[in-house]
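A.B. asks: Quick note on our numbering: the sequence shown kicks off at 2 and runs consecutively. Ideal Cβ placement from N, Cα and C applies to all residues, glycine included. Questions regarding the structure given below will be posed in turn.
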Amino acid sequence: MSTGDESKAKSSAPNESSDPSEQSEFPAPAWTRGEPRIAGATDVGVVRKINQDAFGRFDDPDRGEIFVVVADGLGGHRGGEVASRMAVDLLGVNVFEGDSDPPTRLRNGIASANDAVLLAAREDPMLDGMGTTVVCILLVEGDRSYVAHVGDSRLYRLRAGRIEAMTEDHSLVATLVREGVISEDDARTDPRRNQILRALGVRGDLEIDVAPIELQPGDSYLLCSDGLHGMLDDDEILELAKRSTRPEPVVARLVEAANAAGGTDNVTCVIANVPEPMPVDGLRGAANRLFESTRSVFTRRGDPDLGDASAPDRDSSENDA
Ligand code: CA
């Protein structure tokens, strides 16, 4: 039972990894509280005719792993659509293959999806020049989780009322912002904002960013294409995300807001919420409420003994107030 162990979650996690020194700052298993609740939404937007974004969620229950991915296809004709779908479907298989550690499986999985997209583009002239961004998380039960990405699709973490980008865009404007050449506001409208510096399907020796993420109970992870973060700034995303603890209404609201803000691009977002432990008081209140409702049913049916014989403790009437 792991309720009320927030202090434990902050301490070091016992781990059988060959590299314990790097594991020590990561929290204890979050999974036993229930697996993350995940929802995604994608929309063509209000300007474009084809949705070249794709997303997917894949599970390996034996390993206790959940893989979530968003891909934003690039390239004319139907190429972008094919590339993003290929990347999502291939990665959903690749990342669970072999016995390597999660970051290695992520890296190998993306590299081999890259090869497959390159090959498909080479073999079919209609698909020439296609490519796709990828941002994905591998959620691992009882251990550290990982993010991997290529391109300008992002992972955000929402924690304790704050939003933080966990990925750095591989794009020209992001580089210019980092170098102080243009501001973040300028980047949003810069005509070069579609220039991606890295993507699957462009070259064989793809550079892939992989980083650990430290899951804490109550965290929300948002994966999105630039159709979201190009339309809404971080504070707007945070405001919409804060309105519900369930991911389903939030992803719908985010898509709606991106379209209301112009919807000039396809928009995709997926949210994974790490469950929060139920407070001990909350559990006791729930148990008492259940007891009370059971008792009132029996009482209404005319069971004369139940009312007095099994009087609830003092807390229950207060909790019901
Ligand atoms: Ca896009």
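1. Whose C-beta lies closer than 7 Å to the C-beta of GLY110 among residues of the same chain, with five residues either side of it excluded?
2. What alpha helix (DSSP H) runs, 4 residues minimum, are completely inside the segment 77 to 148?
3. Are GLY132 and LEU201 closer than 8 Å when you measure CB to CB?
4. When the Cα of GLY214 is compared with those of LEU156, SER172 and ARG64, which residue comes out closest?
5. Using the C-alpha atoms, what's the distance from ASP100 back to ASN260?
6. I believe ILE51 touches GLU98 by the beta-carbon criterion, under 8 Å. Please report the beta-carbon distance rounded to the nearest angstrom.
7. Please determine, among GLY35, ALA122, PRO62 and ALA112, the residue with the shortest C-alpha to C-alpha distance to HIS78.
8. Mind listing, in chain order, the continuous beta strand (DSSP E) runs of no fewer than 3 residues lying wholly within the segment 189 to 252?
9. Starting from ILE272, follow its DSSP beta bridges and name the residues at the other end.
10. Which residues in the same chain have their Cβ closer than 7 Å to the Cβ of SER85, if we skip the five residues on either side of it in sequence?
11. Kindly give me the distance between the Cβ atoms of PRO89 and GLY46, rounded to whole angstroms, as I take these residues to be in contact under 8 Å.
12. Closest to ARG163 by C-alpha separation, out of GLU277, GLU240 and GLY264, would be which residue?
13. Kindly examine ligand 1 and report whether one of its heavy atoms sits closer than 7 Å to the Cβ of GLY228.
14. How many whole angstroms separate the CB atoms of LEU268 and GLY205, which I take to be in contact at a CB cut-off of 8 Å?
15. Any idea what DSSP makes of VAL69, helix, strand or coil?
16. Count the other CB atoms, across all protein chains shown, that sit within 10 Å of the CB of MET232; report buried if there are 16 or more and exposed otherwise.
17. Give the straight-line distance between the Cα atoms of ASP60 and VAL118, rounded to the nearest whole angstrom.
18. Helix, strand or coil: which one does DSSP assign to ASP187?
19. If we ignore side chains and look at the alpha-carbon of each, how far apart do ALA166 and LEU140 end up?
20. Taking 8 Å as the threshold (C-beta atoms), are VAL69 and LEU255 in contact?
21. In this structure, does DSSP put ALA55 in helix, strand or coil?
22. Does the beta carbon of ASP266 fall short of 7 Å from some heavy atom of ligand 1?
23. Does the separation of the CB atoms of ALA188 and VAL178 fall below 8 Å?
24. Do VAL151 and ILE209 count as a contact pair if the criterion is CB distance below 8 Å?
25. For PRO248 versus ARG38, is the C-beta distance shorter than 8 Å?
26. Rounded to whole angstroms, what's the CA-CA distance from GLU124 to ASN115? Just pull it up for me.
27. Given a cut-off of 8 Å on the beta-carbon distance, is the pair ASP220 and ARG145 in contact?
28. Within a Cβ cutoff of 7 Å, which residues of the same chain sit near ALA253, ignoring the five residues on either side of it in sequence?
C.D. replies: On the basis of the coordinates in this document:
1. Numbered from its first residue, the sequence shown carries residue 110 at position 109. Excluding positions up to five away in sequence, the list reads LEU92, ASN95 and VAL96.
2. Listed in chain order, they are 80 to 95 and 103 to 124.
3. Numbered from its first residue, the sequence shown carries residue 132 at position 131. Numbered from its first residue, the sequence shown carries residue 201 at position 200. In this structure, LEU201 lies closer than 8 Å to GLY132 by Cβ.
4. By 1-based counting over the sequence shown, the position of residue 214 is 213. What sits at residue 214 in the sequence shown is Ile, not Gly. Among LEU156, SER172 and ARG64, the Cα nearest to that of ILE214 is on LEU156.
5. By 1-based counting over the sequence shown, the position of residue 260 is 259. By 1-based counting over the sequence shown, the position of residue 100 is 99. Rounded to the nearest whole angstrom, the C-alpha separation of ASN260 and ASP100 is 42 Å.
6. Looking up residue 51 in the sequence shown gives position 50. Looking up residue 98 in the sequence shown gives position 97. The pair is not a contact, with the Cβ atoms about 31 Å apart (cut-off 8 Å).
7. The sequence position of residue 78 within the sequence shown is 77, counting from 1. Answer by Cα proximity: ALA122.
8. For the segment 189 to 252, the full-length beta strand (DSSP E) segments reaching 3 residues or more read 210 to 214 and 221 to 225 along the chain.
9. In the sequence shown, counting from the first residue as 1, residue 272 sits at position 271. Paired residues: ALA40 and LEU223.
10. To locate residue 85, count along the sequence shown from 1; it is residue 84. Within the same chain, SER85 has close Cβ partners GLN53, ASP54, ALA55, ALA72, ASP73, GLY74 and THR133.
11. As a working mapping, residue 89 is identified with position 88 in the sequence shown. As a working mapping, residue 46 is identified with position 45 in the sequence shown. Here residue 89 turns out to be Val, not Pro, going by the sequence shown. With a Cβ gap of about 19 Å, VAL89 and GLY46 do not count as contacting.
12. Within the sequence shown, residue 163 is the residue found at index 162, counting from 1. It is GLU240.
13. As a working mapping, residue 228 is identified with position 227 in the sequence shown. GLY228 Cβ: within cutoff of ligand 1.
14. Counted from its first residue, the sequence shown places residue 268 at position 267. Counted from its first residue, the sequence shown places residue 205 at position 204. Per the sequence presented here, residue 268 reads as Val, with Leu not at that position. Taking 8 Å as the upper bound for CB-CB distance, VAL268 and GLY205 are not in contact here, some 31 Å apart.
15. The residue you call residue 69 lines up with position 68 of the sequence shown. Look at VAL69 here: in three-state DSSP terms it is strand.
16. In the sequence shown, the residue the question calls residue 232 occupies position 231. Burial is judged here by how many other beta carbons sit within 10 angstroms of a residue's own beta carbon; MET232 has at least 16 and is buried.
17. If you number the sequence shown from 1, residue 60 lands on position 59. If you number the sequence shown from 1, residue 118 lands on position 117. Cα to Cα, ASP60 sits roughly 23 Å from VAL118.
18. Stepping through the sequence shown from its first residue, residue 187 is reached at position 186. The DSSP-derived three-state label of ASP187 is helix.
19. To locate residue 166, count along the sequence shown from 1; it is residue 165. To locate residue 140, count along the sequence shown from 1; it is residue 139. Straight-line measurement puts the Cα of LEU140 at about 17 Å from the Cα of ALA166.
20. Mapped onto the sequence shown, residue 255 falls at position 254. Mapped onto the sequence shown, residue 69 falls at position 68. The Cβ-Cβ distance between LEU255 and VAL69 does not fall below 8 Å.
21. Your numbering for residue 55 matches position 54 in the sequence shown. Reduced to three states, the DSSP call for ALA55 is strand.
22. Sequence index remark: in the sequence shown, residue 266 carries index 265 (1-based). Relative to ligand 1, ASP266 has its C-beta within less than 7 Å of a heavy atom.
23. In the sequence shown, residue 188 corresponds to position 187, counting from 1. In the sequence shown, residue 178 corresponds to position 177, counting from 1. With contacts defined as CB atoms closer than 8 Å, ALA188 and VAL178 qualify as a contacting pair.
24. Counting from one through the sequence shown, the residue named residue 209 turns up at place 208. Counting from one through the sequence shown, the residue named residue 151 turns up at place 150. Yes.
25. As a working mapping, residue 248 is identified with position 247 in the sequence shown. As a working mapping, residue 38 is identified with position 37 in the sequence shown. Inclusion of PRO248 and ARG38 in the CB contact set at 8 Å is warranted, their separation being smaller than that value.
26. As a first step, residue 124 must be located in the sequence shown, where it is residue number 123. As a first step, residue 115 must be located in the sequence shown, where it is residue number 114. So the alpha carbons of these two residues sit roughly 14 Å apart.
27. Along the sequence shown, read from residue 1 onward, the residue named residue 220 stands at position 219. Along the sequence shown, read from residue 1 onward, the residue named residue 145 stands at position 144. No, the pair does not count as a contact, with Cβ atoms beyond the cut-off.
28. The residue given as residue 253 occupies position 252 in the sequence shown. For ALA253, where only same-chain residues beyond five positions count, the Cβ hits under 7 Å are ALA42.
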